[in-house]
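Asks: This is the structure I have questions about; it appears just below.
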Ligand SMILES: [Ca+2]
Ligand SMILES: [Ca+2]
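Residue numbers (the working numbering): 2 to 181.
Written out as structure tokens, the structure is:
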């Protein structure tokens with residue numbers, strides 16, 4: 002069997018019947034998020050764009066584990082701008098991530114808390130959402146873990162302060178600018 006050219010980027014179609022299972026190098030992307038383990042698991046979306054553009058190449062729903070790690074088990078090789086959106090946080094972009102055959106790693110840090118309604122800006126809607134469940138505790142129906150910035154089981158002044166600190170900040174969007 003001839004080796005498949007994994008570096009070829011123009012090939013988008015993947016054939017399922019190549020009979021080569023087990024012979025190809027699987028391409029994976031391991032992500033690491035600066036994360037409070039008390040927060041447990043959290044849903045996130047990882048989007049890959051052609052560098053410097055808003056041309057979406059792929060989108061993955063992932064789960065941030067309590068240790069801050071996430072994994073995309075199979076993806077295409079290439080160079081991508083990566084935008085990670087974790088529930089409750091603004092989207093974070095990382096430019097020009099090279100994905101080669103085999104295991105790849107990407108670090109996602111400095112996540113900004115406070116986007117409770119997932120529209121990629123921290124504003125009065127998020128403030129209102131947090132205020133509406135102020136002093137609710139884990140176990141109560143009104144408690145929303147997404148609003149619990151420090152994940153201590155109560156929505157209080159600490160979480161309000163965290164949200165206020167990012168008030169009117171907007172998350173990253175494609176195309177990512179060179180300044181980032
Ligand atoms: Ca918002
Ligand atoms: Ca809290």
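Backbone N, C-alpha and C fix where the C-beta goes; we use that ideal spot for every residue, glycine too.
Let me know the secondary structure DSSP gives residue 71 once reduced to three states.
Replies: Three-state DSSP puts residue 71 in a strand.
Asks: Return yes when at least one heavy atom of ligand 2 lies under 6 Å from the C-beta of residue 160, else no.
Replies: Correct: residue 160 has its Cβ closer than 6 Å to ligand 2.
Asks: Answer yes or no: the CB of residue 151 versus the heavy atoms of ligand 2, is any distance below 6 Å?
Replies: True, at least one ligand heavy atom lies under 6 Å from that Cβ.
Asks: Would you call residue 168 buried or exposed, if buried means 16 or more other Cβ atoms sit within 10 Å of its Cβ?
Replies: The residue is exposed, with fewer than 16 neighbouring Cβ atoms inside 10 Å.
Asks: Say yes only if the C-beta of residue 147 is nearer than 6 Å to one or more non-hydrogen atoms of ligand 2, and no if none qualify.
Replies: No, Cβ of residue 147 sits at least 6 Å from all heavy atoms of ligand 2.
Asks: Tell me whether residue 59 is buried or exposed, calling it buried when 16 or more other Cβ atoms sit within 10 Å of its Cβ.
Replies: With fewer than 16 Cβ atoms within 10 Å of its Cβ, residue 59 is classed as exposed.
Asks: Under 7 Å, Cβ to Cβ, is there at least one residue of chain D near residue 114?
Replies: Although the question refers to chain D, the structure presented lacks it and comprises just one protein chain.
Asks: Could you round the C-beta distance between residue 73 and residue 36 to whole angstroms and report it? I think they count as a contact, below 8 Å.
Replies: So it is not a contact: roughly 17 Å between Cβ atoms.
Asks: Taking a contact to mean a Cβ-Cβ separation below 7 Å, would you say residue 173 touches residue 93 in this structure?
Replies: Yes.
Asks: Name, in chain order, the residues that DSSP records as bridge partners for residue 171.
Replies: The partner list for residue 171 (beta bridge, DSSP) reads 122.
Asks: Between residue 25 and residue 76, what straight-line distance do the alpha-carbon atoms span, to the nearest angstrom?
Replies: Going by the C-alpha atoms only, they are around 13 Å apart.
Asks: Using only CA atoms, which one of 128, 125 and 30 lies nearest to residue 80?
Replies: Ranking the options by Cα distance to residue 80, first place goes to 30.
Asks: For residue 64, which of helix, strand or coil comes out of DSSP?
Replies: In this structure, residue 64 counts as strand in the three-state DSSP scheme.
Asks: Out of 63, 106 and 96, point me to the one whose CA is closest to residue 43's CA.
Replies: It is 63.
Asks: Using DSSP with H/G/I as helix, E/B as strand and the rest coil, what is residue 41?
Replies: Looking at residue 41 - three-state DSSP - the assignment turns out to be coil, as it is neither helix nor strand.
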